[in-house]
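Numbering (full-length UniProt numbering), first residue to last: 1 to 65.
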């Protein structure tokens, strides 16, 4: 049985994956996958996700932390 993720859980998975270049890309991806990207709001949540996106970019580009 497949695990069904909430919108926020999927957002964190995508942010860590390195597949999204910015929050805007992540929200569009959520919408395409049938999630509600409007749930990604508020300064703290957006900062957490943006930080994860940046870390993933560094990790995937091979740059040192």
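Glycine residues also receive a C-beta, built at the ideal position from the N, C-alpha and C atoms.
Computed from a predicted model, the values in this text were never measured in an experiment.
Compare the beta carbon distance of residue i and residue j with 8 Å and say whether it is the shorter of the two.
| i | j | result |
| --- | --- | --- |
| residue 18 | residue 27 | no |
| residue 4 | residue 53 | no |
| residue 10 | residue 41 | no |
| residue 7 | residue 30 | yes |
Please classify residue i as buried or exposed, where buried requires at least 16 neighbouring CB atoms within 10 angstroms.
| i | result |
| --- | --- |
| residue 15 | buried |
Output the boundary residues of the alpha helix (DSSP H) element that contains residue i.
| i | result |
| --- | --- |
| residue 52 | 43 to 61 |
| residue 15 | 7 to 17 |
| residue 38 | Run containing residue 38: none; DSSP gives neither H nor E here. |
| residue 34 | Premise fails: residue 34 is in no alpha helix (DSSP H) and is neither H nor E. |
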